[in-house]
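Under my numbering, residues -11 to 243 are what the sequence shown spells out, in order. The C-beta atom is built at its ideal place from N, Cα and C for all residues, glycine as well. No experiment lies behind these values; they were computed from the predicted model shown. I have placed the structure first, in the form of structure tokens, so that the comments after it can refer back to it.
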Amino acid sequence: MIEEKKFIKNFLPGVLFALLLLLIEYIEEEFRLDLEEFGVYPRTFKGLIGVITFPFIHDDYKHWFSNAIPLVVLSGFILYFYRKIAWKVIFLIYLLSGLWTWCLGRPAFHIGASGLVYGFASFLFFAGLFRNDRNALAVSLIVVFLYGSMIWGIFPLVISISWEGHLAGALAGLLLAFNYRKFDPPKKEYPWMEEGYIDPTHQLLFPDEHGNYPEEKPEDSPDKGENENKVDVNSLPLKFKYVYIPKKPDEKQQG
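Below you can see the structure in the form of structure tokens.
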């Protein structure tokens, strides 16, 4: 129950962020504002402000909704499965996706939080591939199942979609997944799986540098002379003796 509460709690930041985006979209629609100029406009000094503000601006409610749910789900996965580096990864994906869109994008305003969505999905997918961790790999498979079709968004197939923002976010997620592949290592199921483990009982045999196991040497016993003449009963062949006892005539059988 406690672990379930922790799991659900990690989705709260994504929910709050999505509600903030909804509020901004409502204000824009209600007061008929044009906030697209706060998007990323590549290779212009004025367009640099969009590196910070681009995820907050959406074209309409449909555009917001298409980003809101994956934002909540994917950010929650990152916060739960990669707790030590989660906020660092989220911040760097935010920053890098905006900067790379500013460097590589077409001369137009690039808006929407889809760059973050692609960055989060890319990080979760590649983190599972780069780590020797079945939980991380399971998350990768879930991401592929839920959002595998997003792969088409990084290609210039639809002129009105910022595929540059999608590609920038995906590349940021890939880079960070590789860079942090050794952070938050999975917990070993058994102590002897840890590197450098020393067996306190001295009963485990470990291979040498060539992969060979040393032969176990019998310990010297002070009673060795007395035990030499003793026979090991476990090494003797087993013998079975069958005895037939006739049944008395007056005994009854019960079926």
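Legend entry - Residue-chain proximity (Leu67, chain C), Cβ-Cβ < 8 Å: Annotation note: the requested chain C is absent from the structure, which comprises a single protein chain.
Legend entry - Residue interval of the alpha helix (DSSP H) (run including Ser54): It spans Tyr49 to Phe69 - the alpha helix (DSSP H) in which Ser54 sits, taken as one unbroken run.
Legend entry - Minimum C-alpha distance to Leu117 - residue among Val77, Val131 and Pro58: Val131
Inset, instruction - Using alpha carbons as the reference points, say which of Ile12, Leu62, Ala126 and Tyr168 lies closest to Pro43. - result: Ile12
Inset, instruction - Give the straight-line distance between the Cα atoms of Leu104 and Pro58, rounded to the nearest whole angstrom. - result: Distance between the alpha carbons of Leu104 and Pro58: 10 Å.
Legend entry - Beta-carbon proximity check, Trp75 vs Leu159, cutoff 8 Å: no
Inset, instruction - Assuming Gly86 and Val146 form a contact by the criterion Cβ under 8 Å, report the distance between their Cβ atoms to the nearest whole angstrom. - result: In fact, because the Cβ distance is near 21 Å, the residues do not count as touching under 8 Å.
Inset, instruction - May I ask you to report which of helix, strand or coil DSSP gives Val127? - result: helix
Inset, instruction - Starting from the Cα of Lys(-3), find the closest Cα among Ser54, Ser63 and Leu9 and give me that residue. - result: Ser63
Inset, instruction - Identify which residue in Leu10, Phe(-5) and Ala96 has its Cα closest to the Cα of Thr32. - result: Ala96
Legend entry - Val28 to His98 span [Cα, whole Å]: In this model, Val28 and His98 are separated by some 5 Å (Cα to Cα).
Legend entry - Per DSSP, cross-strand counterpart(s) of His327: As shown, the chain starts at -11 and ends at 243. That puts residue 327 outside it, with no answer to give.
Inset, instruction - Ignore the nearest five residues each way along the sequence and tell me which others in Phe26's own chain have a CB closer than 7 Å to its CB. - result: Ile37, Gly38, Thr41 and Ile45
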